[in-house]
Amino acid sequence: MLICRRRCNRTRWSVLLRHWKSIEKDIAAHIKKEFDKKYSPTWHCIVGRNFGSYVTHETKHFIYFYLGQVAILLFKSG
222 MLICRRRCNR TRWSVLLRHW KSIEKDIAAH IKKEFDKKYS PTWHCIVGRN FGSYVTHETK
282 HFIYFYLGQV AILLFKSG
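Under the numbering used here, think of the first position of the sequence shown as 222, with each following residue one higher.
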């Protein structure tokens with residue numbers, strides 16, 4: 222019974238993690254598209270809880286903030 226419970230919990234977590242990654246990707250895509258439309262291309266957006274970055278961006282075109290526990294990095298390059 223305990224083994225089954227652990228397997229079920231692992232399966233449930235893996236499904237949730239896959240779903241969350243999809244949501245992060247969709248959020249990043251939406252933000253990028255909106256900024257490309259409103260402020261002209263080319264914007265890049267990264268959304269997540271744990272990532273490192275090293276980017277080159279245009280002057281005064283860099284935003285990094287947290288929304289709850291999720292970080293959002295948005296910058297223009299090109």
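Backbone N, C-alpha and C fix where the C-beta goes; we use that ideal spot for every residue, glycine too. On a predicted model such as this, the values are computed, not experimentally measured, just so you know.
Asked                                                                                                                        : Found
Range of the contiguous beta strand (DSSP E) that encloses Tyr287                                                            : 283 to 288
Straight-line Cα distance separating Ser243 from His282                                                                      : 26 Å
Chain-order list of residues whose beta-carbon lies under 8 Å from that of Val291 (same chain, five-residue window excluded) : Glu245, Val268, Gly269, Arg270
Buried or exposed by the 16-neighbour rule on C-beta atoms within 10 Å, applied to Ser298                                    : exposed
C-alpha gap between Lys259 and Ile293, whole angstroms                                                                       : 18 Å
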